[in-house]
Amino acid sequence: MADGVKPRVRVPKEASAGEAIQIKTLISHPMESGQRKDDDGNTIPRSIINRFTVEFEGENVIDVMLEPAISTNPYFEFEATVPTSGTFVFTWYDDDGDVYTEEKAITVA
Amino acid sequence: MQITRRDALTLGAGALTLAALPMPVFAATADVDAAIAEFTGGAEMGADGIILTAPEIAENGNTVPIEVSAPGAAAIMVLATGNPTPKVGTINFGPLAAAQFASTRIRLAGTQDVMAIARMQDGSFVQASAEVKVTIGGCGG
Numbered sequence: 000m001a002d003g004v005k006p007r008v009r010v011p012k013e014a015s016a017g018e019a020i021q022i023k024t025l026i027s028h029p030m031e032s033g034q035r036k037d038d039d040g041n042t043i044p045r046s047i048i049n050r051f052t053v054e055f056e057g058e059n060v061i062d063v064m065l066e067p068a069i070s071t072n073p074y075f076e077f078e079a080t081v082p083t084s085g086t087f088v089f090t091w092y093d094d095d096g097d098v099y100t101e102e103k104a105i106t107v108a
Numbered sequence: 000m001q002i003t004r005r006d007a008l009t010l011g012a013g014a015l016t017l018a019a020l021p022m023p024v025f026a027a028t029a030d031v032d033a034a035i036a037e038f039t040g041g042a043e044m045g046a047d048g049i050i051l052t053a054p055e056i057a058e059n060g061n062t063v064p065i066e067v068s069a070p071g072a073a074a075i076m077v078l079a080t081g082n083p084t085p086k087v088g089t090i091n092f093g094p095l096a097a098a099q100f101a102s103t104r105i106r107l108a109g110t111q112d113v114m115a116i117a118r119m120q121d122g123s124f125v126q127a128s129a130e131v132k133v134t135i136g137g138c139g140g
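One line per chain: the protein sequences are X and Y, in this order. Following numbering that gives the first Met the number 0, the numbering of the first sequence begins with 0 at its first residue and continues without gaps. Following numbering that gives the first Met the number 0, the numbering of the second sequence begins with 0 at its first residue and continues without gaps.
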């Protein structure tokens, strides 16, 4: 596992049904591109998050394939609709096979 | 077609101008074309209905904020045409996406065109591109 990986997600606590809500996500991750060289001239191997998905109660909101050209600490901002109260599940897939998840509940008034 | 002496000279001059461009060109155009073909299957691309927002000048190529929006899109692919690997990412929108919009930060190796291609729900494709001038490249040299 890459060191110090920590997901951060911002979701409003409440929304009205069918409202478009804004979600911001960030995960601290070096996103080593595989292009850089260390001091001895050896290529530093690629180590990135290659996929990021968001689901709400089993339904897909967004599914992103990431390439090395995504910056360190990949950040995404997007919009989702919430039909009912429920939980967002955020999942990041690391090159080394690790999976990081974060959940956020939202109440629909 | 016969190549006249004049044609040959013009071609040569054009090639020289290209070679003399000050920025290093990393990705072969072939890579970009291959990435586009893989995504669109060679379909024609329109120009309406997609907005790519990128800064005109990015001081730091390591983190360039971009925003893509294409109402009615099923997926959007972003390409950095001047990067060692042109693909930046592909965003697929699910049924609960409120808007076909996303904002993220990308790496750019140098001054180049950033391109976004959207696959619409009806299977057509649209594309937009924006030039970003990069002061310090983001590939770690």
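Virtual Cβ for every residue (Gly too), placed ideally from N, Cα, C.
Against chain Y, the CB of D62/X has a partner CB under 8 Å away; the residue lies at that interface. Non-local C-beta neighbours of A129/Y in its own chain, meaning closer than 6 Å and more than five positions away in sequence, comprise L51, A53, V113, ordered along the chain. With a cut-off of 8 Å on Cβ pairs, the region 63–79 of chain Y is in contact with the region 115–127 of chain Y, counting three or more such pairs. Boundaries of the beta strand (DSSP E) around V60/X: 58–65. Contact between the region 3–23 of chain X and the region 36–46 of chain X is absent: fewer than three C-beta pairs spanning the two stretches fall below 8 Å.
Excluding its 5 nearest sequence neighbours in each direction, P44/X has C-beta neighbours in its own chain below 8 Å: E31, G33, listed in chain order. Shown here, V88/X sits in a strand according to DSSP, grouped into three states. For V87/Y, the closest Cβ of chain X is nearer than 8 Å. When Cβ-Cβ separations below 8 Å define contact, T106/X makes no contact with chain Y. In the structure shown, A16/X adopts coil according to DSSP, grouped into three states.
The secondary-structure analysis by DSSP pairs L25/X across a beta bridge with R7/X, Y74/X. With a beta-carbon spacing of about 10 Å, P85/Y and A108/Y fall beyond the 8 Å limit used to define contacts. Against chain Y, a Cβ distance below 9 Å from Y92/X picks out nothing, because the smallest value is about 13 Å.
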